[in-house]
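Protein chains in written order, with our numbering: chain P, 768 to 888; chain C, 768 to 888; chain B, 768 to 888; chain D, 768 to 888; chain H, 768 to 888; chain Y, 768 to 888.
Ideal Cβ positions, reconstructed from N, Cα and C, are used throughout, including at glycine.
These figures come from a predicted structure and were not determined experimentally.
This report refers to the structure that appears directly beneath it.
Protein chains: 6
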Amino acid sequence: MLLTRLLKPSLVAYKTLEKYHASTDEHFKARAIQVKEERAELAKHHIDVLWSDYFKPEHVQKYPEITDLCWKAAKQCSKVKQSLDINEAKTLLDLIDKIGDVWTKAGGPTATRMAKQMARA
Amino acid sequence: MLLTRLLKPSLVAYKTLEKYHASTDEHFKARAIQVKEERAELAKHHIDVLWSDYFKPEHVQKYPEITDLCWKAAKQCSKVKQSLDINEAKTLLDLIDKIGDVWTKAGGPTATRMAKQMARA
Amino acid sequence: MLLTRLLKPSLVAYKTLEKYHASTDEHFKARAIQVKEERAELAKHHIDVLWSDYFKPEHVQKYPEITDLCWKAAKQCSKVKQSLDINEAKTLLDLIDKIGDVWTKAGGPTATRMAKQMARA
Amino acid sequence: MLLTRLLKPSLVAYKTLEKYHASTDEHFKARAIQVKEERAELAKHHIDVLWSDYFKPEHVQKYPEITDLCWKAAKQCSKVKQSLDINEAKTLLDLIDKIGDVWTKAGGPTATRMAKQMARA
Amino acid sequence: MLLTRLLKPSLVAYKTLEKYHASTDEHFKARAIQVKEERAELAKHHIDVLWSDYFKPEHVQKYPEITDLCWKAAKQCSKVKQSLDINEAKTLLDLIDKIGDVWTKAGGPTATRMAKQMARA
Amino acid sequence: MLLTRLLKPSLVAYKTLEKYHASTDEHFKARAIQVKEERAELAKHHIDVLWSDYFKPEHVQKYPEITDLCWKAAKQCSKVKQSLDINEAKTLLDLIDKIGDVWTKAGGPTATRMAKQMARA
Numbered sequence: 768m769l770l771t772r773l774l775k776p777s778l779v780a781y782k783t784l785e786k787y788h789a790s791t792d793e794h795f796k797a798r799a800i801q802v803k804e805e806r807a808e809l810a811k812h813h814i815d816v817l818w819s820d821y822f823k824p825e826h827v828q829k830y831p832e833i834t835d836l837c838w839k840a841a842k843q844c845s846k847v848k849q850s851l852d853i854n855e856a857k858t859l860l861d862l863i864d865k866i867g868d869v870w871t872k873a874g875g876p877t878a879t880r881m882a883k884q885m886a887r888a
Numbered sequence: 768m769l770l771t772r773l774l775k776p777s778l779v780a781y782k783t784l785e786k787y788h789a790s791t792d793e794h795f796k797a798r799a800i801q802v803k804e805e806r807a808e809l810a811k812h813h814i815d816v817l818w819s820d821y822f823k824p825e826h827v828q829k830y831p832e833i834t835d836l837c838w839k840a841a842k843q844c845s846k847v848k849q850s851l852d853i854n855e856a857k858t859l860l861d862l863i864d865k866i867g868d869v870w871t872k873a874g875g876p877t878a879t880r881m882a883k884q885m886a887r888a
Numbered sequence: 768m769l770l771t772r773l774l775k776p777s778l779v780a781y782k783t784l785e786k787y788h789a790s791t792d793e794h795f796k797a798r799a800i801q802v803k804e805e806r807a808e809l810a811k812h813h814i815d816v817l818w819s820d821y822f823k824p825e826h827v828q829k830y831p832e833i834t835d836l837c838w839k840a841a842k843q844c845s846k847v848k849q850s851l852d853i854n855e856a857k858t859l860l861d862l863i864d865k866i867g868d869v870w871t872k873a874g875g876p877t878a879t880r881m882a883k884q885m886a887r888a
Numbered sequence: 768m769l770l771t772r773l774l775k776p777s778l779v780a781y782k783t784l785e786k787y788h789a790s791t792d793e794h795f796k797a798r799a800i801q802v803k804e805e806r807a808e809l810a811k812h813h814i815d816v817l818w819s820d821y822f823k824p825e826h827v828q829k830y831p832e833i834t835d836l837c838w839k840a841a842k843q844c845s846k847v848k849q850s851l852d853i854n855e856a857k858t859l860l861d862l863i864d865k866i867g868d869v870w871t872k873a874g875g876p877t878a879t880r881m882a883k884q885m886a887r888a
Numbered sequence: 768m769l770l771t772r773l774l775k776p777s778l779v780a781y782k783t784l785e786k787y788h789a790s791t792d793e794h795f796k797a798r799a800i801q802v803k804e805e806r807a808e809l810a811k812h813h814i815d816v817l818w819s820d821y822f823k824p825e826h827v828q829k830y831p832e833i834t835d836l837c838w839k840a841a842k843q844c845s846k847v848k849q850s851l852d853i854n855e856a857k858t859l860l861d862l863i864d865k866i867g868d869v870w871t872k873a874g875g876p877t878a879t880r881m882a883k884q885m886a887r888a
Numbered sequence: 768m769l770l771t772r773l774l775k776p777s778l779v780a781y782k783t784l785e786k787y788h789a790s791t792d793e794h795f796k797a798r799a800i801q802v803k804e805e806r807a808e809l810a811k812h813h814i815d816v817l818w819s820d821y822f823k824p825e826h827v828q829k830y831p832e833i834t835d836l837c838w839k840a841a842k843q844c845s846k847v848k849q850s851l852d853i854n855e856a857k858t859l860l861d862l863i864d865k866i867g868d869v870w871t872k873a874g875g876p877t878a879t880r881m882a883k884q885m886a887r888a
């Protein structure tokens with residue numbers, strides 16, 4: 768399920784930043800920066816995969832906004848890496864929500880066993 | 768969502784084996800073996816993470832079967848790597864279904880934004 | 768020098784395919800498929816980096832073809848992975864040449880020490 | 768030799784923490800946290816491999832404590848990652864010593880060339 | 768082009784150290800240390816590859832200084848990792864320049880398409 | 768224990784080749800080639816680390832043969848990757864034995880807890 772691969776690391780980056788700002792423990796904060804870095808990079812990788820592997824010419828024709836959304840989301844991942852501002856992580860989540868809308872319209876989720884697991888969850 | 772990380776690569780391993788047996792293209796088959804290898808290894812890694820990070824002593828006390836299920840599932844990943852028999856991949860999926868049952872009972876899915884995405888899916 | 772990171776692995780993929788077809792040694796051929804796979808994946812990664820990190824809105828405005836070129840090149844990497852047809856690897860090289868033209872027009876190469884090394888080479 | 772793969776990174780984590788506390792150099796300390804993180808993760812990976820690949824049902828039947836030891840050791844690796852307290856690293860070493868006892872009883876070391884090297888060491 | 772793989776990460780390490788010392792932003796500085804670490808490690812890897820894969824006995828016979836240059840450069844990468852002193856990064860660049868001289872004399876650059884790209888750059 | 772990191776993967780490469788030649792199972796053989804490739808690469812990496820990190824100028828002065836031994840061993844790893852000939856893997860083991868002799872003379876093994884584990888093994 769391609770989209771969870773975008774959303775999960777982005778959410779972890781967001782929550783890690785929340786914890787970072789709530790903490791006064793320098794060791795914890797150093798580790799949080801590292802976690803944020805890795806997750807934002809991971810989200811970026813999966814945005815690239817979504818754009819260049821999943822979306823086909825017919826998708827882009829029908830939903831031309833997808834190119835710009837993926838581009839902005841990928842660049843936003845870099846901003847999350849560079850910043851401690853939680854608004855940057857929030858902006859990333861919002862962009863992924865928008866990508867998720869297109870992905871769903873494009874017929875994203877189909878695997879039935881996965882769907883069953885999801886429903887169960 | 769830890770469980771999708773188990774299920775997704777296991778499903779890919781299963782489906783890759785299906786395609787392997789349906790194909791007569793040697794290049795495709797060589798690549799399929801590689802995909803199966805990587806996905807089974809990935810599933811194994813996430814089973815280990817589930818067992819050693821996610822499950823707490825109180826889970827194991829309440830659902831003592833979880834230890835044996837994770838152990839068997841991890842070993843089953845190795846069998847999937849070693850074999851071209853699709854039944855081995857099927858057995859792995861069944862074990863993950865059982866782990867999924869315990870995980871759900873143990874209160875697995877909680878993240879609301881993820882849940883929304885899942886529902887949408 | 769971002770562009771050499773695209774071109775080098777793509778060239779290796781191309782040449783590896785040439786050697787693959789010229790060889791009758793099964794061990795060599797199995798290893799060649801693996802090399803092709805890795806290099807095409809590496810090229811794909813660096814195309815994604817070029818597109819989402821290097822190119823800025825002003826580049827895309829001035830050279831709107833860059834989006835489509837990067838997209839096609841990334842998808843072409845997947846074709847190189849899936850195929851033994853050397854024409855697919857040739858098509859990838861041609862796409863990278865076109866990306867290289869835009870990149871040069873966009874002011875790509877600037878680092879002077881690198882440039883000196885390049886000149887020396 | 769599976770056990771050295773557990774012990775070596777755990778020892779490095781322990782010694783790195785010693786050096787961390789003995790140092791006043793911020794750059795060194797930042798790097799030490801990183802080293803500790805990686806080594807504890809590596810130890811954790813090899814504990815998982817030992818548990819899910821090396822130990823067979825007959826081992827677990829004969830030495831039922833092995834499951835709990837591996838589980839605690841894997842969780843202890845996470846504690847070493849999260850903490851600057853050297854006692855956490857010491858506890859990990861003690862757990863690995865206990866795993867080592869079972870592993871030796873279970874017939875762990877057999878490769879003769881390795882044994883020769885070990886003896887020489 | 769093997770040599771760019773040495774030079775590029777070494778240059779990034781050098782420039783990252785420059786930026787580190789020019790900055791007062793703790794988050795930026797923590798990330799800069801990480802970048803320096805990774806790039807110096809990458810340079811080290813490619814120095815090892817150059818030495819053990821590229822250079823042949825006839826090169827070493829003709830240019831016996833290459834062994835010592837590669838050895839010193841590899842060790843210098845470790846110093847760059849351990850230090851915030853920009854002179855260590857400068858020393859690494861100087862050693863790579865010397866390796867570059869030998870490499871060029873040894874007939875390093877040959878790939879014509881690469882050369883064309885380089886010229887264009 | 769640096770030397771086990773050289774010896775273990777080299778031994779696995781050797782034994783994997785033995786099993787490769789003893790087998791008629793094409794799936795097993797494809798996986799064996801992959802294992803051999805990875806282990807030879809791993810051995811090569813650790814030979815490079817031994818040479819460029821562990822050995823100091825005083826070692827090289829006292830045991831000048833170490834440079835040539837490490838160089839030959841690293842190149843031999845590439846031969847093991849390229850070949851199905853078990854003699855190549857045997858040659859690698861012999862070179863590592865010779866490196867082991869120097870390493871022991873150079874005072875290699877010192878960590879006492881490791882030594883205890885080794886003795887126990």
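Where the alpha helix (DSSP H) through residue i begins and ends
i, result
"Ser-845(Y)", "832-849"
"Lys-865(C)", "853-872"
"Lys-796(P)", "793-816"
"Lys-829(D)", "824-829"
Where residue i falls, given that 16 or more other Cβ within 10 Å makes a residue buried
i, result
"Pro-831(D)", "exposed"
"Ala-789(D)", "exposed"
"Gln-843(B)", "buried"
"Asp-792(Y)", "exposed"
"Lys-848(B)", "buried"
"Asp-861(P)", "exposed"
Cβ-Cβ distance between residue i and residue j below 8 Å
i, j, result
"Ala-840(Y)", "Leu-859(Y)", "yes"
"Val-711(C)", "Arg-806(C)", "Past the boundaries of the shown model lies residue 711(C); chain C is included only from 768 to 888, so the question cannot be answered."
"Ile-866(H)", "Glu-785(H)", "no"
"Leu-851(H)", "Tyr-787(H)", "yes"
"Trp-838(Y)", "Leu-770(Y)", "no"
"Tyr-781(C)", "Lys-829(C)", "no"
"Ala-799(D)", "Thr-783(D)", "yes"
"Phe-822(P)", "Ile-814(P)", "no"
Proximity test, Cβ basis, 8 Å: residue i and chain P
i, result
"Ala-797(H)", "yes"
Contact with chain Y by residue i, beta-carbon distance below 8 Å
i, result
"Ser-819(H)", "yes"
"Glu-805(C)", "no"
"His-812(B)", "no"
Neighbour flag for residue i against chain B, beta carbons, 8 Å
i, result
"Ser-845(P)", "yes"
"Thr-858(P)", "no"
Straight-line Cα distance separating residue j from residue i
i, j, result
"Ile-863(Y)", "Leu-817(D)", "26 Å"
"Pro-824(B)", "Ala-873(B)", "12 Å"
"Val-802(Y)", "Asp-868(P)", "43 Å"
"Leu-773(Y)", "Glu-855(P)", "45 Å"
"Lys-846(P)", "Lys-846(H)", "30 Å"
"Lys-775(B)", "Asp-820(P)", "22 Å"
"His-794(Y)", "His-812(B)", "30 Å"
"Glu-804(H)", "Ser-777(C)", "35 Å"
8 Å Cβ cutoff, residue i in contact with chain C
i, result
"Arg-887(D)", "With a pLDDT of only 45 at Arg-887(D), under 50, the local geometry of the prediction cannot be trusted, and the value read off the model is given with reservation. No, Arg-887(D) does not count as interfacial toward chain C."
"Leu-851(B)", "yes"
Chain D within 8 Å of residue i, Cβ atoms only
i, result
"Ala-841(C)", "yes"
Interface flag, residue i vs chain E, CB-CB below 8 Å
i, result
"Ile-800(H)", "Absent from the structure is chain E; the protein chains it does hold are P, C, B, D, H and Y."
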